[in-house]
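Following: one structure in structure tokens, then a few remarks.
In this note's numbering, the protein residues as written are 262 to 359.
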């Protein structure tokens, strides 16, 4: 029996030919995100709520948040969630390094 579950979980395939640097494992999105390097995570959506979990492997930092708004999420009308993910990572990674 294969007990290397983490290896299987993170063995991602390409999401789409237009989504370079984005892969999907078993329930885990895998991103190459400059300047943060390798990032594992997943987001979620329920009516009126959005969540995000990201693990920044190079910095050994994991972030999670949930907001009580889904405005613009379904129609891609806003980049609020990616902006929050990026700002939170920059803030916390910067704080760890100083």
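Beta carbons: idealized from backbone N, C-alpha and C, even for Gly.
Residues near residue i by beta carbon distance below 6 Å, same chain, minus five either side
i	result
residue 285	273, 276
residue 330	none
Residue i: first and last residue of the uninterrupted alpha helix (DSSP H) it sits in
i	result
residue 267	266-270
Where the beta strand (DSSP E) through residue i begins and ends
i	result
residue 323	322-328
residue 361	Nothing in the structure corresponds to residue 361, since the chain is present only between 262 and 359.
Nonlocal neighbours in the same chain, by C-beta distance under 8 Å from residue i, ignoring five residues either side
i	result
residue 318	298, 299, 300, 301
residue 291	271, 273, 283, 284, 285, 299, 300, 301
Cβ-based neighbour list, residue i, same chain, cut-off 7 Å, excluding 5 preceding and 5 following
i	result
residue 353	322, 324
residue 346	313, 315
Whole-angstrom distance between residue j and residue i, CA atom to CA atom
i	j	result
residue 268	residue 279	25 Å
residue 332	residue 307	11 Å
Beta carbon proximity, residue i to chain D, threshold 8 Å
i	result
residue 318	Note that chain D does not occur in the displayed structure, where there is just one protein chain.
Notebook entry, point to check: Can you find at least 3 beta carbon pairs, one from the region 277-297 and one from the region 337-345, that sit closer than 8 Å?
Noted result: no
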